[in-house]
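Below is one structure; the comments refer to it alone.
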Amino acid sequence: MAGDERINELKTESVAWPSWDLTPRQVCDLELLMAGGFSPLRGFMTRADYETVVRDMRLADGTLWPIPVTLDVTEELAGRLRSGDWLSL
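Each residue of the sequence shown is one higher than the one before, counting from 106 in the numbering used here.
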């Protein structure tokens with residue numbers, strides 16, 4: 106959890122970030138990620154994890170994993186984002 110100072114910094118910075126309104130399903134996935142329900146995942150899947158899960162039902166590190174856990178966004182938004190960009194949810 107971020108400290109008060111970092112929280113205030115993020116609130117200020119996030120005004121300039123692209124944003125996405127989560128669907129009910131995405132909210133559930135995010136809650137499970139935050140609570141450790143999708144351990145060992147620490148966030149939505151990377152491209153490498155997604156591709157190996159779809160192909161082999163395993164994460165990129167070989168861990169057995171049955172379904173992709175991704176943040177589906179529109180093509181328009183995805184086209185504006187680059188690896189490492191911040192996104193307000």
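By construction, the Cβ of each residue, glycine as well, lies at the ideal position given by its N, Cα and C atoms. Note that the structure is a prediction, hence the values are computed from the model and not measured.
Any idea if residue i is buried or exposed, counting beta-carbon neighbours within 10 angstroms, 16 or more meaning buried?
i	result
residue 157	buried
residue 190	exposed
residue 162	exposed
residue 150	buried
Report the three-state DSSP secondary structure of residue i (helix, strand or coil).
i	result
residue 194	coil
residue 124	strand
residue 147	coil
residue 163	strand
Do you know how far the Cα of residue j is from the Cα of residue i?
i	j	result
residue 167	residue 141	19 Å
residue 178	residue 125	8 Å
residue 170	residue 154	9 Å
Could you tell me whether the Cβ of residue i comes closer than 8 Å to any Cβ of chain E?
i	result
residue 141	Reference to chain E is not applicable here, since this structure consists of a single protein chain.
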